[in-house]
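Here is the structure we will look at, set down as structure tokens.
Protein chains: 2
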Amino acid sequence: MFVILVYDTAAERNPKVLKTCRKYLHWTQRSVFQGELSAAQYRALMGALTTIINPAHDSIVTYTAREPGLVRSATLGLELGGPGEIL
Amino acid sequence: MFVILVYDTAAERNPKVLKTCRKYLHWTQRSVFQGELSAAQYRALMGALTTIINPAHDSIVTYTAREPGLVRSATLGLELGGPGEIL
Numbered sequence: 001m002f003v004i005l006v007y008d009t010a011a012e013r014n015p016k017v018l019k020t021c022r023k024y025l026h027w028t029q030r031s032v033f034q035g036e037l038s039a040a041q042y043r044a045l046m047g048a049l050t051t052i053i054n055p056a057h058d059s060i061v062t063y064t065a066r067e068p069g070l071v072r073s074a075t076l077g078l079e080l081g082g083p084g085e086i087l
Numbered sequence: 001m002f003v004i005l006v007y008d009t010a011a012e013r014n015p016k017v018l019k020t021c022r023k024y025l026h027w028t029q030r031s032v033f034q035g036e037l038s039a040a041q042y043r044a045l046m047g048a049l050t051t052i053i054n055p056a057h058d059s060i061v062t063y064t065a066r067e068p069g070l071v072r073s074a075t076l077g078l079e080l081g082g083p084g085e086i087l
């Protein structure tokens, strides 16, 4: 499945959130990752993030589509993302 | 169409970006909006944002799907968004 993940987490937890998201997805932009995952990988990512975030203060939203072809992406301005991008 | 918009813009331009996005979409989370737009509304929003951002420094990414039903959203932690949410 195609996954877009956006996170709004406390600064002290951002490094762990970033590290975990990077294992599964490509960084797109500040606070945004995207990529293709199997259902099992998606569950593993959600499980790992659940152990990192504080659910009373942090928020992670995912958007998933069965296939990448169902979602079109477009960029205005800088094209920031890419698998090798350094934050 | 269903639209997810994420922005990474310079602080001094954020108020204008926010104001423009709010005219068309619902705020979801820090830097993220979503909603349903016609093709004409989407073009109008992109046109308005083009006049606001500095393409050498700012980045706005949109993900669009023909129908909202093609994209599932899920939240870990806080449910921040909502049409009435105040930033």
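Top to bottom, those sequences are chains C and P.
Each residue of the first sequence is one higher than the one before, starting from 1 at the first, in our numbering.
Each residue of the second sequence is one higher than the one before, starting from 1 at the first, in our numbering.
C-beta: ideal position from N, C-alpha, C; glycine also.
In this text the structure is predicted, and so the values were computed from the model without any measurement.
Setting aside the 5 residues that flank it on each side, C/S31 is surrounded in the same chain by V6, Y7, each with a C-beta closer than 6 Å to its C-beta; the list follows chain order. The Cβ atoms of C/I4 and C/Q34 sit closer than 8 Å to each other. With a cut-off of 8 Å on Cβ pairs, the stretch 69-78 of chain C is in contact with the stretch 41-59 of chain P, counting three or more such pairs. By the Cβ-count criterion, C/T64 is buried, with 16 or more other Cβ atoms from all chains shown falling within 10 Å of its own Cβ. Taking the beta carbon of C/H26 as reference, no residue of chain P falls within 9 Å; the closest one sits roughly 12 Å away. Chain C has a Cβ within less than 8 Å of the Cβ of P/S59. Between C/V17 and C/L49, the CB-CB gap stays under 8 Å. Within the stretch 2-66 of chain P, the beta strand (DSSP E) runs of at least 3 residues that lie entirely inside it are, in chain order, 2-8, 26-29, 32-36, 59-65. Listed in chain order, the positions of the stretch 26-51 of chain C with a beta carbon within less than 7 Å of a beta carbon of chain P are T28, Q29, R30, S31, V32, M46, L49, T50. When DSSP states are grouped into helix, strand and coil, P/L80 belongs to the coil group. By the C-beta density criterion, P/T51 is exposed, having fewer than 16 other C-beta atoms within 10 angstroms. Taking 8 Å as the CB threshold, P/T64 lines the interface with chain C.
Taken atom to atom, the span from the alpha-carbon of P/G47 to that of C/T20 is near 36 Å. The distance from the Cβ of C/E79 to that of C/F2 is about 18 Å, inconsistent with a contact at the 8 Å cut-off. P/L70 is positioned such that its CB atom lies closer than 8 Å to that of C/L70. Interface flag for C/P55 against chain P is set, since a Cβ pair is found closer than 8 Å. Not one beta carbon of chain C lies nearer than 8 Å to the beta carbon of P/R13.
If you check the CB distance, C/A10 and C/N54 come in under 8 Å.
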